[in-house]
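In the UniProt record's numbering, the protein residues as written are 1 to 236.
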Amino acid sequence: MADLSAFPITTRWPAKNPDIIQLYSLQTPNGVKVSVALEELGLTYEPHYISFAANEQKSPEFESLNPNGRIPAIIDPNGPDGKPIGLFESGAILLYLAEKTGKLIPADAADRYECIQWVFFQMASIGPMFGQFGHFHKFAADKVANNSYPVERYRDESKRLLGVLEGRLKGRQWIMGDQYTIADITTFTWVRGADIFYGGREILEYAKFPAVSDWLERCIARPASARGLNIPVKPE
């Protein structure tokens, strides 16, 4: 049995089975990236629900694994050289899981880097801009009621990014063509999230991006990805 005692987070969220991947997350656009990937890869894992309402992501135990205090994070008891490894940042985790299994990422070197660049595109652009749009459009609407600039700025930038994605997806089933990859996973969860979490479908004019809309439906229709969108489940 793997020894995870070096990870203080396990004192607050004990591992029932320390021999499998431990996932610390929540059903947010960033959080579900990893559960979707784990489901698609068929890896056995144990999800732990991190409550934002209780500010658990800022607890000393959680920050011992991710000092930035953000979900998701994982512990893999079977890391490089067979030693446990803890990781945070969703993009890094996706890349780690893809390289660990040799799946969800192209085998060809040039295609691999092309895939990684689209992962970085989401991490650097879609995630931050959609997140700021959602913040001002939904969560801070009362604070900017007399100032339309923040919503307009992030709305327009989010629409521009959807246009970039639209151009990439025209004539393609997935971002990398015929292969579903971590580039799709990291991106569709945010495109879905801007609608589901922020109510942004109309204001971001999704109808003007048919290739993106069709691709989003294909992503959500994948049984493994659909399962991952609902993990972890909030404890009763």
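All C-beta atoms, glycine included, are put in the ideal place defined by N, C-alpha and C.
The model shown is predicted, which means the values in this text are computed figures rather than measured ones.
Do you know whose CA, among the options, lies nearest residue i's CA?
i	options	result
aspartate 130	Val151, Asn147, Arg227	A small correction: the amino acid at residue 130 is phenylalanine; aspartate does not occupy that position in the sequence shown. Ranking the options by Cα distance to phenylalanine 130, first place goes to Val151.
phenylalanine 121	Phe88, Asp184, Pro223, Gly79	Asp184
arginine 12	Leu87, Phe62, Ile231	Phe62
tryptophan 174	Lys16, Trp215, Lys138	Trp215
threonine 186	Pro18, Ile9, Pro29	Pro29
valine 119	Tyr96, Asn147, Ile71	Tyr96
alanine 221	Leu94, Val36, Phe197	Val36
serine 125	Arg201, Gly199, Arg155, Ala109	Arg155
tyrosine 107	Met176, Pro60, Asn78, Lys159	It is alanine, not tyrosine, that sits at residue 107 in the sequence shown. Selected option, being the one with the closest Cα: Met176.
valine 212	Met123, Ile116, Arg192, Ile196	Arg192
proline 210	Arg172, Ala2, Asp111, His135	Arg172
asparagine 78	Glu217, Lys100, Gly91	Lys100
lysine 208	Lys159, Arg153, Met1, Glu217	Lys159
So, for residue i: in the same chain, excluding its five sequence neighbours on each side, which residues have a beta-carbon less than 6 Å away from its beta-carbon?
i	result
threonine 44	Ile20
alanine 224	Glu39, Glu40
aspartate 76	Ile21, Ile85
glycine 127	Trp190
Just verifying my parser: in three-state terms, what is the DSSP assignment at residue i?
i	result
glutamine 22	strand
alanine 226	helix
tyrosine 49	strand
aspartate 108	coil
aspartate 3	coil
phenylalanine 62	helix
alanine 140	coil
phenylalanine 197	coil
tryptophan 174	strand
isoleucine 203	coil
leucine 43	coil
glycine 86	strand
isoleucine 231	coil
alanine 145	coil
isoleucine 71	coil
Roughly how many whole angstroms lie between the Cα atoms of residue i and residue j?
i	j	result
glutamine 57	serine 25	9 Å
residue 239	phenylalanine 139	No answer is possible for residue 239: the residues shown for the chain start at 1 and end at 236.
valine 144	leucine 104	41 Å
phenylalanine 88	asparagine 66	6 Å
serine 148	tyrosine 206	21 Å
arginine 168	aspartate 111	14 Å
alanine 141	leucine 204	16 Å
glycine 42	valine 34	12 Å
proline 60	alanine 53	16 Å
Here's a check: name, in chain order, each residue in its chain whose Cβ is nearer than 7 Å to the Cβ of residue i, leaving out the five neighbours to either side.
i	result
alanine 15	Leu4, Gln22, Glu46
glycine 31	Ser25, Ile71, Pro72
cysteine 219	Asp184, Phe188, Ser225
asparagine 68	Phe88
arginine 201	Asp195
asparagine 17	Glu46
Measure the CB-CB distance between residue i and residue j and report whether it falls below 9 Å.
i	j	result
glutamine 27	leucine 229	yes
proline 8	serine 64	yes
glutamate 166	phenylalanine 133	no
alanine 98	isoleucine 182	yes
histidine 137	tyrosine 180	no
glycine 163	methionine 123	no
isoleucine 93	isoleucine 116	no
Just to confirm, does residue i get its C-beta within under 8 Å of one of the non-hydrogen atoms of the ligand FMN?
i	result
tyrosine 180	Absent from the structure shown: the ligand FMN. Ligands present: none.
With a CB to CB cut of under 8 Å and the five nearest residues on each side skipped, what residues in its chain are close to residue i?
i	result
tyrosine 49	Ser25, Leu26, Pro232, Val233, Lys234, Pro235
glutamate 114	Pro106, Met176
Compare the C-beta of residue i with all C-beta atoms of chain B and state if any pair is closer than 9 Å.
i	result
glutamate 99	This model lacks chain B altogether; it includes just one protein chain.
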